[in-house]
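These notes are about the structure you will find just below.
In this note's numbering, the protein residues as written are 172 to 330.
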């Protein structure tokens, strides 16, 4: 009886996780379909990008791609805004931004950033349950030539 319950729980978890992943892929495809061209490159399906027909890419240039909060108190929340500019030759589209753990939450522009325009990615870090030196990354999925950009935050958490 216990084996059946455990087996059902494991199967249910896989089905739930599969459904979440499928929704994410569908959302990504919907976002990508709004980009003008449909030629794709050989990267994983869930991160499929679109190549520009004219060969022009956006470039995401950060004022600084790393931020050190210094020493912060345990159980505190801190925020930082990463400023960037599109220094490329095409509109920059951010399709997704994710933190390396649930304690790091990025907020990014949902509309295209025109050539020459500046914008920001706000990052919130929650130190609850953390102690000592912490280093977290933020991965940004874009239509730039690289396709992926990275940011880094650091903090020393004191009790």
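Don't be surprised by glycine CBs; every beta carbon is placed ideally from N, CA and C.
Assuming residue 326 contacts residue 233 under a Cβ cut-off of 8 angstroms, what Cβ separation, rounded to an integer in Å, is found between them? Actually they do not touch by this definition, with Cβ atoms about 19 angstroms apart.
Rounding to the nearest angstrom, what Cα-Cα distance links residue 302 and residue 265 in this structure? Whole-angstrom Cα-Cα distance: 32 angstroms.
Validate contact between the stretch 240 to 250 and the stretch 224 to 231 using beta carbons, cut 8 angstroms, 3 pairs: At 8 angstroms Cβ cutoff, the stretches do not touch.
In this structure, does DSSP put residue 279 in helix, strand or coil? Residue 279: coil per DSSP, three-state reduction.
Looking at the secondary structure, which residues open and close the beta strand (DSSP E) in which residue 228 lies? It is not in any beta strand (DSSP E) - residue 228 carries neither H nor E in the DSSP assignment.
Please name the residue or residues paired with residue 244 in a DSSP beta bridge. 329
By the three-class DSSP mapping on this structure, what secondary structure does residue 298 have? coil
Kindly list the residues whose CB is nearer than 6 angstroms to the CB of residue 256, restricted to its own chain and excluding five residues on each side of it in sequence; keep chain order. 232 and 289
Please classify residue 233: does DSSP put it in a helix, a strand, or coil? strand
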